[in-house]
Amino acid sequence: MTQLHLSDDRLIEVCLLEAASIAEQEHLGACARCDARRARLRTLLDDVSGAAVTEADAAFPPDRLARQQARILSQLQHDGRPGRLIAFPAGHAHEATVSRTRPSTRWIAAAAVAGLVIGVLAGRFGHDYSLGRPGGTRIAVTRSADAPELRTGAILEISTAVSEEEFLSQIEIAIDGPAAAALQPLDDLTPLPWEVR
Amino acid sequence: MAVSVGAVAPAAPLSRDSQLAAEIKALVVGGERDAARDRYGDLVARQQRRAVRIAYQYLRDAHDADEAVQDAFVKVFTHITSYREDLPFEVWFTRILVNACLDLRKSRARRLRWSVPLASTKESAPTDPATSEQTPEQRLVSRERANEITTAVESLPDRQRTVFTLCHLAEQTTAEVSAALGVSEATVRVHLFRAIRKLRRLLEHKQ
Numbered sequence: 046m047t048q049l050h051l052s053d054d055r056l057i058e059v060c061l062l063e064a065a066s067i068a069e070q071e072h073l074g075a076c077a078r079c080d081a082r083r084a085r086l087r088t089l090l091d092d093v094s095g096a097a098v099t100e101a102d103a104a105f106p107p108d109r110l111a112r113q114q115a116r117i118l119s120q121l122q123h124d125g126r127p128g129r130l131i132a133f134p135a136g137h138a139h140e141a142t143v144s145r146t147r148p149s150t151r152w153i154a155a156a157a158v159a160g161l162v163i164g165v166l167a168g169r170f171g172h173d174y175s176l177g178r179p180g181g182t183r184i185a186v187t188r189s190a191d192a193p194e195l196r197t198g199a200i201l202e203i204s205t206a207v208s209e210e211e212f213l214s215q216i217e218i219a220i221d222g223p224a225a226a227a228l229q230p231l232d233d234l235t236p237l238p239w240e241v242r
Numbered sequence: 005m006a007v008s009v010g011a012v013a014p015a016a017p018l019s020r021d022s023q024l025a026a027e028i029k030a031l032v033v034g035g036e037r038d039a040a041r042d043r044y045g046d047l048v049a050r051q052q053r054r055a056v057r058i059a060y061q062y063l064r065d066a067h068d069a070d071e072a073v074q075d076a077f078v079k080v081f082t083h084i085t086s087y088r089e090d091l092p093f094e095v096w097f098t099r100i101l102v103n104a105c106l107d108l109r110k111s112r113a114r115r116l117r118w119s120v121p122l123a124s125t126k127e128s129a130p131t132d133p134a135t136s137e138q139t140p141e142q143r144l145v146s147r148e149r150a151n152e153i154t155t156a157v158e159s160l161p162d163r164q165r166t167v168f169t170l171c172h173l174a175e176q177t178t179a180e181v182s183a184a185l186g187v188s189e190a191t192v193r194v195h196l197f198r199a200i201r202k203l204r205r206l207l208e209h210k211q
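Residue numbers (my numbering), protein chains in the order written: chain A, 46 to 242; chain B, 5 to 211.
Here it is in structure tokens:
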């Protein structure tokens, strides 16, 4: 009978997976030791499953299962449906087709245009002012006489520039001003033309 | 082995749940999605208890188990057209559920890696399996025994715990567990034997 003792693995199979064969059943009926082993194993498995089931069932009472089921079905109800598009009100949609630019962008553009107009007007004013000066006109005429190869357009360009005397006098005034003091160290570092020679 | 649906007669009569799943599949294929969803509510109700037991045993957290079960049921309905009517629905569903549990465990591990541990973020599940008929002493012994069992099961390696849970708690055969986990039946048996041997070692001497 000793040879027929059931192994541990076989006992597990008998308890958990499949029924014992007829020979094994006879042996278990006759062998108190194997029968006790089987009983202990059954008790152990029952304890384990009982503890697990009790624990899980306590964590999931019926009302929680009902809520879970409702969530599942609710999720399925929304599954597979395309997202709902919310239409803009008609008035807003119409306004959007009039202008697609943002207000801030429009302000920037308006400011740029205004700046350009002011610049053109200021240039025009400065041009008229210089032409109004008698010196400027005189130099332009003088130069056109000294250099006959220059075209008329070039003469007009020169006439718009500040005269040489005026330019030099502006430099002298600037040198006497307080801003020149800051440039003095730079002037000290710069070699003079006669020193280079 | 590719078997066309309905080409091979099943060896055993299909369970009620498998028949229900086949009906739901037919409704979805026929474009009757609302009717299919109504029928699916019945299937959920039939499988739900078993599903939360498996998920809870696997994840040891009620919130995670809740989420895993919900994900699994939604996935099942979403992919119901790929259900093979010649196979038990329980096996197919269990496989999806186990995958949902695995995904959740991975995301939980990632979450824990980057989070500061709080005093106790785990939902304290009621672990008192005692019944009202027991005396206080008996309840105390039962609670201690339940804690020992829980600790012992948790100490099992992942694969052993999964196989043990499916074979013992979900009452699936080794062939079904083999199909659910995608491993051979021999491997399932090896894991099952090792799991039970370890549980015996941990628990029998304390009885």
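Even for Gly, the Cβ is constructed at its ideal location relative to N, Cα and C.
If we cut at 7 Å on Cβ distances, does residue i have a partner in chain A?
{"i": "glycine 45(B)", "result": "yes"}
{"i": "tyrosine 87(B)", "result": "no"}
{"i": "arginine 41(B)", "result": "yes"}
{"i": "phenylalanine 97(B)", "result": "no"}
{"i": "arginine 57(B)", "result": "yes"}
{"i": "tyrosine 60(B)", "result": "yes"}
{"i": "alanine 199(B)", "result": "no"}
{"i": "valine 192(B)", "result": "no"}
{"i": "valine 33(B)", "result": "no"}
Classify residue i as helix, strand or coil using the three-state DSSP reduction.
{"i": "valine 32(B)", "result": "helix"}
{"i": "threonine 177(B)", "result": "coil"}
{"i": "tryptophan 96(B)", "result": "helix"}
{"i": "serine 19(B)", "result": "coil"}
{"i": "glycine 74(A)", "result": "helix"}
{"i": "aspartate 124(A)", "result": "coil"}
{"i": "phenylalanine 105(A)", "result": "coil"}
{"i": "glycine 160(A)", "result": "helix"}
{"i": "leucine 51(A)", "result": "coil"}
{"i": "glutamine 80(A)", "result": "Before going on, a small fix: residue 80(A) reads as aspartate here, not glutamine. Helix."}
{"i": "proline 14(B)", "result": "With a pLDDT of only 47 at proline 14(B), under the threshold of 50, the placement of this residue in the model should not be trusted; the figure read from the coordinates follows. Looking at proline 14(B) - three-state DSSP - the assignment turns out to be coil, as it is neither helix nor strand."}
{"i": "proline 230(A)", "result": "helix"}
{"i": "serine 85(B)", "result": "Per the sequence shown, residue 85(B) should be read as threonine rather than serine. Looking at threonine 85(B) - three-state DSSP - the assignment turns out to be helix."}
{"i": "proline 238(A)", "result": "helix"}
{"i": "leucine 160(B)", "result": "coil"}
{"i": "serine 189(A)", "result": "At serine 189(A), the pLDDT of 46 sits below 50, so the modelled position is not reliable and the matter cannot be decided from this model."}
{"i": "threonine 139(B)", "result": "coil"}
{"i": "valine 59(A)", "result": "helix"}
{"i": "leucine 118(A)", "result": "helix"}
{"i": "alanine 39(B)", "result": "helix"}
{"i": "arginine 64(B)", "result": "coil"}
{"i": "glycine 186(B)", "result": "coil"}
Can you round the beta-carbon distance between residue i and residue j to whole angstroms, since I take them to be within the 8 Å contact cut?
{"i": "aspartate 21(B)", "j": "glutamine 52(B)", "result": "About 11 Å separates the two Cβ atoms, so there is no contact after all."}
{"i": "isoleucine 3(B)", "j": "valine 98(A)", "result": "Because chain B spans 5 through 211 in this model, residue 3(B) falls outside it and cannot be assessed."}
{"i": "alanine 25(B)", "j": "phenylalanine 93(B)", "result": "4 Å"}
{"i": "valine 48(B)", "j": "glutamine 114(A)", "result": "5 Å"}
{"i": "arginine 112(B)", "j": "aspartate 70(B)", "result": "About 13 Å separates the two Cβ atoms, so there is no contact after all."}
{"i": "leucine 101(B)", "j": "alanine 55(B)", "result": "6 Å"}
Measure from the alpha carbon of residue i to the alpha carbon of each residue in the options, then state which is nearest.
{"i": "glutamate 71(A)", "options": "Thr150(A), Ile117(A), Leu49(A)", "result": "Leu49(A)"}
{"i": "glutamate 208(B)", "options": "Gly164(A), Ala159(A), Ala97(A), Leu89(A)", "result": "Leu89(A)"}
{"i": "glutamate 89(B)", "options": "Leu18(B), Leu170(B), Ala69(B)", "result": "Leu18(B)"}
{"i": "arginine 82(A)", "options": "Ile67(A), Ala64(A), Cys60(A), Ala96(A)", "result": "Cys60(A)"}
{"i": "alanine 174(B)", "options": "Pro107(A), Leu56(A), Ile218(A), Leu62(A)", "result": "Leu62(A)"}
{"i": "serine 159(B)", "options": "Glu36(B), Thr169(B), Asn103(B), Lys202(B)", "result": "Lys202(B)"}
{"i": "arginine 99(B)", "options": "Arg147(B), Val167(B), Val157(B), Ala190(B)", "result": "Val167(B)"}
{"i": "arginine 43(B)", "options": "Ala96(A), Gln113(A), Leu118(A), Cys76(A)", "result": "Leu118(A)"}
{"i": "cysteine 105(B)", "options": "Thr139(B), Leu170(B), Ala199(B)", "result": "Leu170(B)"}
{"i": "valine 157(B)", "options": "Ala183(B), Ile58(B), Ile84(B), Ala72(B)", "result": "Ile58(B)"}
{"i": "tyrosine 62(B)", "options": "Glu180(B), Leu206(B), Asn103(B), Ala150(B)", "result": "Asn103(B)"}
{"i": "leucine 56(A)", "options": "Ala77(A), Ile67(A), Ala167(A), Ala84(A)", "result": "Ala84(A)"}
{"i": "threonine 85(B)", "options": "Arg109(B), Gln176(B), Arg37(B), Arg204(B)", "result": "Arg37(B)"}
{"i": "proline 161(B)", "options": "His83(B), Glu148(B), Val194(B)", "result": "Val194(B)"}
{"i": "cysteine 79(A)", "options": "Ser208(A), Gly95(A), Ser52(A)", "result": "Ser52(A)"}
On the criterion of 16 or more Cβ atoms from any shown chain inside 10 Å, does residue i qualify as buried, or is it exposed?
{"i": "aspartate 75(B)", "result": "buried"}
{"i": "phenylalanine 212(A)", "result": "exposed"}
{"i": "tryptophan 96(B)", "result": "buried"}
{"i": "glutamine 164(B)", "result": "buried"}
{"i": "alanine 66(B)", "result": "buried"}
{"i": "valine 192(B)", "result": "buried"}
{"i": "alanine 104(A)", "result": "buried"}
{"i": "lysine 29(B)", "result": "buried"}
{"i": "alanine 101(A)", "result": "buried"}
{"i": "isoleucine 153(A)", "result": "exposed"}
{"i": "arginine 64(B)", "result": "buried"}
Just checking: is the beta-carbon of residue i within a distance shorter than 7 Å of some beta-carbon in chain B?
{"i": "alanine 96(A)", "result": "yes"}
{"i": "leucine 56(A)", "result": "no"}
{"i": "histidine 50(A)", "result": "no"}
{"i": "alanine 101(A)", "result": "yes"}
{"i": "aspartate 92(A)", "result": "yes"}
{"i": "alanine 104(A)", "result": "yes"}
{"i": "isoleucine 153(A)", "result": "no"}
Check whether chain C comes within 7 Å of residue i, counting only Cβ atoms and requiring the distance to be less than that.
{"i": "alanine 66(B)", "result": "Annotation note: the requested chain C is absent from the structure, which comprises protein chains A and B."}
At a threshold of 6 Å, does residue i count as lining the ligand SAM (C-beta to nearest heavy atom)?
{"i": "serine 208(A)", "result": "As presented, the structure is devoid of all ligands, the ligand SAM included, so that no description of it is given."}
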